[in-house]
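Student: Attaching a single structure in structure tokens format; questions to follow.
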Amino acid sequence: MSADKISSRVTAYACGKYRFYTVSGDRSKWLVGGVPEASEEYIREAAGADSIVLLTSRPEFSESLSEVLKVNPGIRVYASAAGLRNIKEILNTDGINERLIKDGAEEDGIRFIVTPGLCWMDSVMALTDGVLFSGEMFSGFDGSAAGLKRYYEENLAVNSGFVRAALGKLRGTEIKTVCPAYGLTCPQGSVCLSAEPDELAAKYREWSEPHRSERKRAAVIYASRYGYTRSMAEYAAELLSIGFDVDLLDARRTERSGLAAAAERADVLLIGTDTVNRNAPREIWETVTSLDTVNKRGMRCLVFGSYGWAGEGIKLIDSVLSSMGMRRAAKPVEALLKPSEKDLERLKKAVEAFLKE
Ligand SMILES: Cc1cc2nc3c(=O)[nH]c(=O)nc-3n(C[C@H](O)[C@H](O)[C@H](O)COP(=O)(O)O)c2cc1C
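So in this note's numbering, the last one in the sequence shown is 472, and the numbering has no gaps at all.
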């Protein structure tokens, strides 16, 4: 038994590291949240509930609904429009007693707040009695801020704009207790996160703050066997330094995390790649696949490199960056073997496109 009384109306339960809650509404009984594997306790509470609120359709929080429906097929299922659509696709059924959550709507003493992007686009929160069911926001607390931060980094940081929007929406709301969807037992022995709500919001504000710097940053990341692509990278970096703080990184000599961090910090990204066996080297692919395609969408980029016969690696990387939604500043600059004065002149022209902006 893992129940913990949060208020006269709200009880919290642990199911592994996941949390679910029951609410005694003005007229009926509610279950809030889903878990990856429904425990006996979860099923028992679901069997006696009139309604269930799914704060997101993310499978670890919604698949347990199929078990709930076995014991309580008529239960009212509350979720956002996108949430209901996804839940029906996850359960592969239209046979749910669905109820659409609208922003600000109140039902049986529970207020719903539509807060998309945390981290799926269908996420919502619910509030009753000063108790906030925050879903994935504020999740991961393990008695220290480290667990909270880890959960944020792994799940929500990618949508920092949505996090800020949610914080804005909650401003002015009186919150006595935050009840997240996931998190370890807190030090007070309660299964619910009972760290100060204001403290949590302050931490989230700090983490989701957009990175600002006086000067813009450029990342020039390259791979080069014989030094030809390197010489292009060094030249581009030197030109860029007039208007940018530049990170010039040899992909083969830099940790993957260092490459990803430089690309993450950058306002513009230049990738220099040689071509080996009709492909770009692994380190360049690793850099490209670690790009944050949500927040970096639209970032200006340029691909360049030395090649021996067709330069397939350069073309592949250029086309993948475009498919990811990056905006190329110019066509790729390719140099046949050792870059000539003319090649460097073409590179200069392409780099000037960044400087002009
Ligand atoms: C093992 C090997 C495979 C190569 N395969 C290709 C290839 O498929 N297509 C191509 O255009 N160049 C190919 N090249 C040529 C290199 O891309 C070329 O030598 C280039 O100048 C290397 O630039 P770097 O000094 O920056 O490494 C290959 C070179 C080596 C050593």
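Glycine included, C-beta positions come from ideal geometry on N, C-alpha and C.
Return helix, strand or coil for R368, following the three-state DSSP convention.
Tutor: Residue state, collapsed to three classes: coil.
Student: Tell me which residues share the same chain as S305 and place their Cβ nearer than 6 Å to its Cβ, disregarding the 5 neighbours each side in the sequence.
Tutor: Low confidence applies to S305: its pLDDT is 41, below 50, so where it sits in the model is not reliable, and the reading given next is rough at best. Once the five neighbours on either side are set aside, the close Cβ partners of S305 are D119.
Student: I'd like to confirm something about T344: is its beta-carbon nearer than 6 Å to some heavy atom of ligand 1, or not?
Tutor: For ligand 1, at least one heavy atom lies less than 6 Å from the Cβ of T344.
Student: Let me know the beta strand (DSSP E) ranges lying completely inside the stretch 140-179, each 3 residues or longer, listed in chain order.
Tutor: For the stretch 140-179, whole beta strand (DSSP E) runs of length 3 or above, ordered along the chain, are 144-147, 166-168.
Student: Starting from the C-beta of G428, find all residues in its chain whose C-beta is less than 6 Å away, skip the five residues before and the five after it, and write them out in chain order.
Tutor: Cβ neighbours of G428 beyond the five flanking positions: T388, T390, N394, A395.
Student: State the DSSP-derived secondary structure class of S275, mapped to helix, strand or coil.
Tutor: It is helical.
Student: Find the nearest neighbour of T230 within the set G426, R279, N187, R330, judged by alpha-carbon distance.
Tutor: T230 has its Cα closest to that of R279, out of G426, R279, N187, R330.
Student: By the three-class DSSP mapping on this structure, what secondary structure does S347 have?
Tutor: According to the sequence as given, residue 347 is Met; it is not Ser. Three-state result, M347: helix.
Student: With DSSP run on the structure shown, which of helix, strand or coil describes P454?
Tutor: In the structure shown, P454 sits in coil (DSSP, three-state: anything other than H, G, I, E or B).
Student: Do you know how far the Cα of R367 is from the Cα of A281?
Tutor: Their backbone Cα atoms lie some 40 Å apart in a straight line.
Student: So, S166 versus Y193, is the Cβ gap smaller than 7 Å?
Tutor: Yes, these two residues count as a Cβ contact at 7 Å.
Student: According to DSSP, is F248 helix, strand or coil?
Tutor: Looking at F248 - three-state DSSP - the assignment turns out to be strand.
Student: Looking at D433: is its Cβ nearer than 7 Å to the Cβ of V418?
Tutor: Yes, they are a contact pair.
Student: Since L385 is in the alpha helix (DSSP H), which residue starts that stretch and which ends it?
Tutor: Where L385 is concerned, there is no enclosing alpha helix (DSSP H), although the beta strand (DSSP E) it sits in stretches over 383-388.
Student: In whole angstroms, what separates the C-alpha of P174 from that of A296?
Tutor: Their backbone Cα atoms lie some 13 Å apart in a straight line.
Student: Could you check if W424 belongs to the surroundings of ligand 3, using beta carbon to heavy atom distance under 6 Å?
Tutor: This structure lacks ligand 3; its bound ligands are ligand 1.
Student: Apart from the five residues on each side of it in sequence, which residues of its chain come closer than 7 Å, Cβ to Cβ, to A260?
Tutor: Closer than 7 Å at the Cβ level, and outside the excluded window around A260, lie K318.
Student: Quick test of the definition: if touching needs 3 or more C-beta pairs under 8 Å, does the stretch 119-133 touch the stretch 151-165?
Tutor: Yes, the stretch 119-133 touches the stretch 151-165.
Student: Using a Cβ-Cβ cutoff of less than 7 Å, which residues in the same chain neighbour I121 once the five nearest sequence positions on both sides are dropped?
Tutor: Correct list, in chain order: A127, V246, T292, C294, C307.
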